[in-house]
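K.L.:
Starting off with a structure, shown below.
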Amino acid sequence: MHNARAVSKLVLVVVVIVVIVVATFAAFYLYGPQKQPATQQEKLLRVSFANVPYLDPAVGSDEASSVYLVNVYDTLVYPLPNNTLVPNVAQNWSVSSDGLTWTFNLRKGIKFHSGRELTANDVFFSLKRLITIGEGYAYLLKPFVDLNKTSVPNNYTIQIGLKKPFGPFLYALLRLYIVDSELVKQHIKSGPYGEMGDYGRDWLMSGEKDAGSGPYMLSEYKRGESVTLIRFSNYWGQYATNAPDRVIMLGTTEPSTIKTLISQRQLEITDQWQPIENLEAMAKINGVELSKLSVPYEFYLMINNKKPPTDDIHVRKAMALAFNYTSAIQDINPYEKRAYGVVPSTLLGYWQPSQTINMNITAAIEELRRSKYWGHFDQYPIEYWWVAEVPWEERVALLFKQNMEAIGLTVEVVKKPWLSVVESLSNLETSPHIVSIFVAADYPEAGSMLANRYLSSVQGTWQQNEWLNDSHIDQLINGALSTLDLNARIQKYVEAQQYIFNLYPSIFVYEHVVVRAYQAYYVDFPAAKGNVPSILGYEFDFRWIQVFPDKKAQL
Amino acid sequence: MRIDNIINNFIIRRIFSSIFVLFGLSILIFVLARLLPGDPARLALGPRAPEEVVEQYRKMLHLDQPIYIQYVYWLYDVFHLSLGQSLVTFRDVLVDIEDFLPASMELVLFSAMILVIGALSLGVLSGKRPGSIADNLMRIFSYIGISIPAFVWAIILQLIFSYWLGIFPAIGRISDNITPPPKVTGFIMIDSLISGNIYAFIDAVEHLVLPALALAIGPIAQEARILRANLVETIGKDYILNLRSHGIPDNTIYFKYALKPSMIPVVTIMGLDIASLIANAFLVELIFNWPGLSRYGINAMLRKDLNAIVGVTLVVGLIFIIANLIVDMIIYKIDPRVRNIKSE
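Sequences listed follow chains A and B, in order. To convert, count from 1 in the first sequence and add 98; that's this note's numbering. Just so it is clear: in the second sequence, position 283 is 276 by this note's numbering, and no numbers are missing.
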């Protein structure tokens, strides 16, 4: 009796579970999302990034944020694929003979996404806001712009005063994203910026709306997940014929996820952080190809020029001669390009050394003999740090160790977390002999990388382990940056590079090539043809990327 | 009536002691987070932010003060319902937690449901007939389930069901072509039901299946194995023999007299496993691009986001305390020995 009751209960439970499962699957089949009317012809572009962007133009400066800002906000000038600048919001401009006042005449009739017209007051407000908050890309403008000498003579003219002449000033203006000042002011909360409170930062970061006038506008912000943009129908500028109607910026780089999304055609362009094996696997998927774009990033082995034995130029030169550059590319990072000079070759004003440094063990030993430490190298082990978060750097470190041991130098390879690297490089005493780091240029001129890497003012930051502290270098770089005439400026960049190169301060290993997998069959991606400016974010000006849904349907 | 009083006193005592536990935890994490290398203000504003701006930010966060003063400021914020500003999102950590916790809770609760059903049914199935084919298959499943970590299961499941079969979505909480329901609870499944959006509900369930399963497989294997062992042990006890000698049917003995005592250790472990899912789901959240608290917490640690580290740790600590409390109450209900001790 009891048994029968228990069995019937069990049967009942099983039946209920089966009914629930069947009903659920039936519901999936009948009402599932795939059954909703599909927008087959929608031009949808999905791109993955390392993170979801920061939405405030005065805060974000990473890759995802730069892409977002380029698309949602307008700037005074705009870069062409050859890196020359053309009018954008500014119709034309002029500069005073002393280089201290730049006057911009603005285009009339530009509308913000809110419907308001963009005026010079918005430009001034955006500039003041960026410099006052001081984050994001403010570092490009803050040292030069004098807000007290900046004025708005009329609604369509702005005069920007500088504290000192700055030749590449127009490039720096590529990071001045113009916000709708009235809209931002309506959303100010209490904060540290006096009467401007928090300058509307909380509101902009919340992703409720954007305050831009760019070709795309914010449609949805899924915190920690994605950002969706849609085309701005009243945009004053042009789009390519098949420019995307909707763009989703995903914040994920997980290789298995990315591969799955690409294979399911749920992602059009991948991020640049995919491992080589994953890229090669994706390239085998029908219709998927790899895009390879040279960007102005250089991978340096930064040599401490003040610590024995690397304070001796002969030791530094010997190390540069003993390193196997070919193996570093072929065996470790086959997509990267060999770096030859102080700055990446994609930058305007790049100087290529007349004599290429190649591996030459005999010459390296000869250099070591000239060193004051010759015969005592066993007393001076060389400490080499690689960044723990970038696993392939260990292979470069081990290659370096092997190469140096061939000329009698002892190398201790140390894996260091990035935060420890940053902290240790703030002090000469705690800096290692060598640390391997990628550094990026902010604008496509040699001066940007020279300033980021070799000025005395960047000593104590992760961008310089060389501890050069050389006033002549400062003079050369600052002199070049303050030169308005482009040709003269380039000449000065070359002088600075020659001088620095002859000090053998670093080993120049890779020029970075960004590799992404993309749906080549139905996406026209200008970056894959190298047809984009060398400025972070502009390779993803979505207006010029084209999507062909009919071709996608054929896959 | 008396039992109710005992339970109430027990809960009050546990809540009271939990306050001290959380207070101690906050001090510990607060200090430990500040011992990590790296300048949090510099990390927050980026390597190229002007030094004066970084200095101003340090002052704003009171990082220029001794640790104990910083802690007092933090405590002051807590009493004003704030957990301080996140150095990554630049918002109040409490607001961040409000955003990210529901995603994690939804995932963990769905996973817990799979875990409870899976572990109990597999445990009973294999414990009832030791040595049978079902038991042997269960053993193999257990070994595989326990030895393979959740993130590998995540990759395997994604590979099979998203990459090859294309049945389930690979990432996110809801598809791009579905309008998310208005936020009420933050649980998309519940919110979609509240708003009567059946499409969103089904879509949310589809998105939950793979990550929840990936999280649940390991604990299912472990707990089914424990339940099986306990059942086998209980079945061999004298009182079961006594029941059999009285002619009580096997199923009644099994489900009424053997299963209940065998479940006590399983319930304890299950409670802790479910609580730990929220902290250990990082890689699964990463693989499925799930905007949850675990991922937020790990990012906070990598970026030395001081307030977020403390905030997330406290939330996880609180969840463990609640899970322990629930486990104690369930055991109190199912184990008469515990009730008797309390009554005495």
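Even glycine gets a Cβ: it sits at the ideal position worked out from N, Cα and C. Remember, it's a predicted structure, so these values are computed and weren't measured experimentally.
#1: Tell me which residues share the same chain as Gly232(A) and place their Cβ nearer than 7 Å to its Cβ, disregarding the 5 neighbours each side in the sequence.
#2: Would DSSP call Arg41(B) helix, strand or coil?
#3: Using a Cβ-Cβ distance cut-off of 8 Å, determine whether Tyr232(B) contacts chain A.
#4: Listing by chain order, which chain A residues have their CB less than 7 Å from the CB of Gly189(B)?
#5: Looking at chain A, which residues of the region 169 to 180 of chain B have a Cβ within less than 7 Å of any of its Cβ atoms?
#6: Name the chain A residues whose beta carbon is nearer than 7 Å to that of Val46(B)?
#7: Using a C-beta to C-beta distance shorter than 8 Å, which residues of chain B count as neighbours of Leu359(A)?
#8: Could you tell me the boundaries of the alpha helix (DSSP H) in which Asn422(A) lies?
#9: How is the alpha helix (DSSP H) around Asp196(B) delimited, first residue to last?
#10: For the structure I just gave you, are there three or more beta carbon pairs, one from the region 435 to 445 of chain A and one from the region 612 to 626 of chain A, closer than 8 Å?
#11: Is it buried or exposed for Trp490(A), if we count other Cβ within 10 angstroms and need 16 for buried?
#12: If Ile497(A) and Ala426(A) are in contact, beta carbons under 8 Å, what's the gap, nearest whole angstrom?
#13: Leaving out the 5 sequence neighbours to the left and right, which residues in its chain are closer than 8 Å to Pro135(A) when beta-carbon positions are compared?
#14: In this structure, does DSSP put Ile505(A) in helix, strand or coil?
#15: Is the beta carbon of Gly138(B) sitting closer than 8 Å to the one on Ile213(B)?
#16: If contacts are defined as beta-carbon pairs under 8 Å, then Ser632(A) and Thr444(A) qualify, I think. What distance do you get, rounded to the angstrom?
#17: Taking the continuous beta strand (DSSP E) assigned at Thr199(A), which residues delimit it?
#18: At least one CB of chain A closer than 8 Å to the CB of Tyr156(B): is that the case?
#19: Taking the CB atoms as reference points, tell me whether Val150(A) and Gly349(A) lie closer together than 8 Å.
#20: Roughly how many angstroms lie between the CA atoms of Ile167(B) and Leu295(B), to the nearest whole one?
#21: Spell out the partners DSSP gives Ile137(B) in its beta bridges.
#22: Give, in chain order, every residue of the region 529 to 540 of chain A whose Cβ lies closer than 9 Å to some Cβ of chain B.
#23: Under a three-way DSSP split, which group does His570(A) fall into?
#24: With DSSP run on the structure shown, which of helix, strand or coil describes Val520(A)?
#25: Buried or exposed: Ile153(B), going by 16 or more other Cβ atoms within 10 Å of its Cβ?
#26: At a Cβ threshold of 8 Å, is Asp70(B) touching chain A?
#27: Just grab the DSSP bridge partners of Gln257(A) for me.
#28: Residues of the region 488 to 513 of chain A with a CB closer than 7 Å to any CB of chain B: list them in chain order, please.
#29: Count the other CB atoms, across all protein chains shown, that sit within 10 Å of the CB of Val177(B); report buried if there are 16 or more and exposed otherwise.
#30: Can you determine whether any heavy atom of the ligand MG sits closer than 7 Å to the C-beta of Glu503(A), and answer yes or no?
#31: Since Lys357(A) and Asn384(A) are thought to touch, with beta carbons under 8 Å apart, how far apart are those beta carbons, to the nearest angstrom?
#32: Looking at Leu54(B) and Leu220(B), is the spacing between their C-beta atoms short of 8 Å?
#33: Helix, strand or coil: which one does DSSP assign to Asp85(B)?
#34: Looking at chain A, is there any beta carbon in it that lies within less than 8 Å of the beta carbon of Pro40(B)?
#35: Using alpha carbons as the reference points, say which of Ala272(B), Ala301(B), Pro59(B) lies closest to Met98(B).
#36: Quick check on this structure: which residue in Ile598(A), Ala586(A), Gly545(A) has the alpha carbon closest to the alpha carbon of Asn567(A)?
P.N.:
In this structure, then:
#1: Position 134 of the first sequence, counted from the first residue, corresponds to residue 232(A). Here the set comprises Lys240.
#2: As a working note, residue 41(B) is residue 48 in the second sequence. Correct three-state label for Arg41(B): coil.
#3: Numbered from 1 along the second sequence, position 239 holds the residue referred to as residue 232(B). Not closer than 8 Å to any Cβ of chain A, the Cβ of Tyr232(B) fails to qualify, so no.
#4: The residue you call residue 189(B) lines up with position 196 of the second sequence. Under the 7 Å cutoff, chain A gives no residues; its nearest Cβ is about 13 Å from Gly189(B).
#5: Asp169, Asn170, Ile171
#6: In the second sequence, the residue the question calls residue 46(B) occupies position 53. What Val46(B) touches in chain A: Gly232, Glu233.
#7: In the first sequence, the residue the question calls residue 359(A) occupies position 261. Going along chain B in sequence order, the residues near Leu359(A) (Cβ under 8 Å) are Ala163, Ile164.
#8: Here residue 422(A) is taken as the residue at index 324 of the first sequence, counted from 1. No alpha helix (DSSP H) holds Asn422(A); DSSP gives it neither H nor E.
#9: Here residue 196(B) refers to the residue found at position 203 of the second sequence. Segment 191 to 228, the alpha helix (DSSP H) holding Asp196(B).
#10: no
#11: Against the first sequence, residue 490(A) aligns to sequence position 392. It counts as exposed.
#12: Locating residue 497(A) in the first sequence gives position 399, where the first residue counts as 1. Locating residue 426(A) in the first sequence gives position 328, where the first residue counts as 1. At residue 497(A) the sequence reads Leu, which differs from the Ile that was named. With 8 Å as the limit, Leu497(A) and Ala426(A) qualify as a contact, their Cβ atoms being about 6 Å apart.
#13: Stepping through the first sequence from its first residue, residue 135(A) is reached at position 37. Only weak support exists for where Pro135(A) lies, its pLDDT of 43 falling under 50; the coordinates are left without a value.
#14: In the first sequence, counting from the first residue as 1, residue 505(A) sits at position 407. In the three-state scheme derived from DSSP, where H, G and I count as helix and E and B as strand, Ile505(A) is classed as coil.
#15: To locate residue 138(B), count along the second sequence from 1; it is residue 145. To locate residue 213(B), count along the second sequence from 1; it is residue 220. For Gly138(B) and Ile213(B), yes; Cβs fall inside 8 Å.
#16: Counting from 1 along the first sequence, the entry for residue 632(A) is found at position 534. Counting from 1 along the first sequence, the entry for residue 444(A) is found at position 346. 5 Å between Cβ atoms; contact.
#17: The residue you call residue 199(A) lines up with position 101 of the first sequence. Looking at the DSSP string, the run of the beta strand (DSSP E) that includes Thr199(A) is 199 to 204.
#18: Position 163 of the second sequence, counting from 1, holds the residue named residue 156(B). So yes, Tyr156(B) belongs to the interface.
#19: Sequence index remark: in the first sequence, residue 150(A) carries index 52 (1-based). Sequence index remark: in the first sequence, residue 349(A) carries index 251 (1-based). Cβ distance < 8 Å, so Val150(A) and Gly349(A) count as in contact.
#20: Numbered from 1 along the second sequence, position 174 holds the residue referred to as residue 167(B). Numbered from 1 along the second sequence, position 302 holds the residue referred to as residue 295(B). So the alpha carbons of these two residues sit roughly 27 Å apart.
#21: For the purposes of this step, residue 137(B) is taken as residue 144 along the second sequence, with counting starting at 1. Beta-bridge pairing links Ile137(B) to no other residue.
#22: Asp540
#23: For the purposes of this step, residue 570(A) is taken as the residue at position 472 of the first sequence. Helix, per DSSP.
#24: Looking up residue 520(A) in the first sequence gives position 422. Helix at Val520(A).
#25: Position 160 of the second sequence, counting from 1, holds the residue named residue 153(B). The residue in question, Ile153(B), is exposed, as its Cβ has fewer than 16 Cβ neighbours within 10 Å.
#26: Locating residue 70(B) in the second sequence gives position 77, counting from the first residue. When Cβ-Cβ separations below 8 Å define contact, Asp70(B) makes no contact with chain A.
#27: For the purposes of this step, residue 257(A) is taken as the residue at position 159 of the first sequence. Thr201(A), Ser249(A), per the DSSP bridge assignment.
#28: From the region 488 to 513 of chain A, no residue has a Cβ closer than 7 Å to chain B.
#29: If you number the second sequence from 1, residue 177(B) lands on position 184. With fewer than 16 other Cβ atoms within 10 Å, it is exposed.
#30: Because no ligand of any kind appears in the structure shown, any question about the ligand MG cannot be addressed here.
#31: Within the first sequence, the letter at position 259 stands for residue 357(A). Within the first sequence, the letter at position 286 stands for residue 384(A). In fact, because the Cβ distance is near 14 Å, the residues do not count as touching under 8 Å.
#32: Looking up residue 220(B) in the second sequence gives position 227. Looking up residue 54(B) in the second sequence gives position 61. In this structure, Leu54(B) does not lie closer than 8 Å to Leu220(B) by Cβ.
#33: Residue numbering aside, residue 85(B) sits at position 92 when the second sequence is read from its first letter. Three-state DSSP puts Asp85(B) in a strand.
#34: By 1-based counting over the second sequence, the position of residue 40(B) is 47. Taking Cβ atoms only, chain A reaches closer than 8 Å to Pro40(B), which makes this a yes.
#35: As a first step, residue 98(B) must be located in the second sequence, where it is residue number 105. Closest by alpha carbon: Ala272(B).
#36: If you number the first sequence from 1, residue 567(A) lands on position 469. Out of Ile598(A), Ala586(A), Gly545(A), Ile598(A) has the C-alpha closest to the C-alpha of Asn567(A).
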